[in-house]
Amino acid sequence: SIPFHTQVPVVVGTFTFTITDNSENSATATEIMDYIVDVPRNMIPAQNAFVNTATPTFSWDEVANATSYQLEVYDMNNISIWNRNNITTNTITYNDDLTGTTLVEGRMYRWQLQAYSNDGRGWQEWLTFVYSSDGNSPVAANPSVQYRHWGRDQEYDRYGLHLRLNVLDPQGLGNIASVIVNAPGGAVYTLYDDGQHGDNASNDGYYGYDLWDLTEEPLTGEYVFTVTDAEANTAVASAVLDRNRTPMNTS
Numbered sequence: 143s144i145p146f147h148t149q150v151p152v153v154v155g156t157f158t159f160t161i162t163d164n165s166e167n168s169a170t171a172t173e174i175m176d177y178i179v180d181v182p183r184n185m186i187p188a189q190n191a192f193v194n195t196a197t198p199t200f201s202w203d204e205v206a207n208a209t210s211y212q213l214e215v216y217d218m219n220n221i222s223i224w225n226r227n228n229i230t231t232n233t234i235t236y237n238d239d240l241t242g243t244t245l246v247e248g249r250m251y252r253w254q255l256q257a258y259s260n261d262g263r264g265w266q267e268w269l270t271f272v273y274s275s276d277g278n279s280p281v282a283a284n285p286s287v288q289y290r291h292w293g294r295d296q297e298y299d300r301y302g303l304h305l306r307l308n309v310l311d312p313q314g315l316g317n318i319a320s321v322i323v324n325a326p327g328g329a330v331y332t333l334y335d336d337g338q339h340g341d342n343a344s345n346d347g348y349y350g351y352d353l354w355d356l357t358e359e360p361l362t363g364e365y366v367f368t369v370t371d372a373e374a375n376t377a378v379a380s381a382v383l384d385r386n387r388t389p390m391n392t393s
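According to the numbering used here, the stretch in the sequence shown is residues 143 to 393, in order.
In structure tokens, the structure reads:
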């Protein structure tokens, strides 16, 4: 069998299907695959792009032998906000059929394009873009603060604090100077995008920081995330850690 995800190109030509029963009687059938559908290329908006209109134009290079395209747009909570099928051109305006959700200023979104043909389909991995009319300032989105609680009953309790934020900048991620979090009680934490602080891959705009083995519960309340770029432009977002506590795991 051929795995769904493979780096080995599939060979075009005639595929022969053979069925054999327990008595070794057999039957065959054939199907011809003439071509491999290419990945859509030169997609706009590109990864981490800024768009300054709530109705951006999506475009891409035509895919050889494609008969139609499907375009999907999701918000960063993985909720579909627009799904357009049976596209027969290589450009389309967001929400042209009025079935989508209006884009919100300062928010990030993801989009994907699939090219369909009689023999199969090809698609581009998800691309992130942000809608912002400000061409100078960074954008901070999806702030998250979570705590962890573990221990051994009658012996000890330990706590952790996980901080996360999506960041983009019109001049590129290299223009970000700092990302900090002001916590209740006055503590200040620095978030990183280096692939070493619970932040996924390095330089992907997903900033994070994990604190482990705290001996006291993290303070509840509002955690304020501040992004500052090289020109001292800022973006602020916040998340609240409330008192809905997760039961302690004991061992």
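Note that the Cβ used here is the ideal one computed from N, Cα and C, for glycine as well.
Computed from a predicted model, the values in this text were never measured in an experiment.
Candidates the options: closest to residue i by CA position
i	options	result
T241	E247, G248, T235, N225	N225
Y221	T243, Q256, D352	Sequence check: residue 221 is Ile here, not Tyr. Among T243, Q256, D352, the Cα nearest to that of I221 is on T243.
L383	T376, N375, V366, A206	V366
Y236	S210, E364, T197, W265	T197
Y258	T230, Y273, D355, F192	T230
L269	D238, G347, D261	G347
E358	W292, M218, T209, S320	W292
I161	L315, T172, S320	T172
N228	A343, T209, I322, M185	T209
D341	W265, L307, R300	L307
I223	Y251, R300, I234	Y251
N260	N207, G277, V321	N207
DSSP three-state assignment for residue i, whether helix, strand or coil
i	result
G316	helix
H291	strand
E214	strand
V153	coil
Q256	strand
T105	This structure cannot speak to residue 105, because the chain is shown only from 143 to 393.
P198	coil
T158	strand
P285	strand
S168	strand
E373	coil
Sequence-distant residues of its chain with Cβ nearer than 7 Å to residue i (five each side left out)
i	result
I318	P280, V309, D311, V369, D371
G302	Y289, R290, D352, L353, W354, L356
A377	S279, P280, V281, A282, V369
Own chain partners of residue i with C-beta closer than 6 Å, once the 5 adjacent residues on each side are dropped
i	result
E214	N225, Q254
A379	A282, P285, F367
R183	D203
E364	S380, V382
V205	D180, P182, A257
Cutoff 8 Å; reference residue i; Cβ partners in own chain excluding five residues on either side
i	result
G134	No answer is possible for residue 134: it lies beyond the span of the chain, which begins at 143 and ends at 393.
*Please confirm if the segment 189 to 202 is in contact with the segment 152 to 169, defined as three or more CB-CB distances below 8 Å between the two stretches.*
no
_Cβ pair count under 8 Å reaching 3, the segment 330 to 338 against the segment 287 to 301_ = no
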